[in-house]
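Engineer: For what it's worth, the working numbering labels the leading residue of the sequence shown as 19, then goes sequentially. I am attaching a structure below and will ask some questions about it afterwards.
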Amino acid sequence: MAKKEIEKIKNEIELFADRKNVTIDKIVLFGSQILGTANKDSDIDLLLVSKDFANKTYSQRIKKLLGLNRQLVKLTNKPFDILYYSDEEWANTSTLMIQEAKLNGKVIFEN
């Protein structure tokens with residue numbers, strides 16, 4: 019994935035989150051886009067970390083940034099898979115997705 023496209027995605031997430039009063043602490047790009055195995059049908063895998071997601075159900079986290087996925091698709095013409103984790107979960111949890119993002123992902127924004 020080109021640096022310019024990554025920068026565009028990062029900037030859009032920051033602006034969108036700011037409008038929704040959500041502070042993003044970290045954005046991690048992972049999956050096929052980073053591993054170099056993406057094809058024309060591949061989605062873009064993102065993991066967003068925020069203190070604002072603490073003590074929220076997963077659906078509450080999605081609602082906080084409702085419309086972000088649609089906005090990113092409009093911006094890039096590519097599908098997105100976005101995961102939402104609190105800073106504590108990022109630091110202390112070992113789910114498969116967090117492990118994958120930590121091992122093979124690229125932090126594209128850190129606050």
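Quick reminder that beta carbons are idealized off the backbone N, C-alpha and C, glycines included. Here the structure is a predicted model, which is why all the values come from computation and not from measurement.
Apart from the five residues just before and just after E128, which ones in its own chain have a Cβ nearer than 6 Å to its Cβ?
Structural biologist: So the qualifying residues of the chain are K44.
Engineer: What would DSSP say about I62, mapped onto helix, strand or coil?
Structural biologist: Three-state DSSP puts I62 in a strand.
Engineer: Are F34 and L86 closer than 7 Å when you measure CB to CB?
Structural biologist: Yes, these two residues count as a Cβ contact at 7 Å.
Engineer: Looking at the secondary structure, which residues open and close the beta strand (DSSP E) in which L46 lies?
Structural biologist: Residue identity differs from the one stated: residue 46 is Val in this sequence, not Leu. It spans K44 to F48 - the beta strand (DSSP E) in which V46 sits, taken as one unbroken run.
Engineer: Along the beta strand (DSSP E) that carries K124, what are the first and last residues, could you check?
Structural biologist: Run containing K124: K124 to E128, per the beta strand (DSSP E) assignment.
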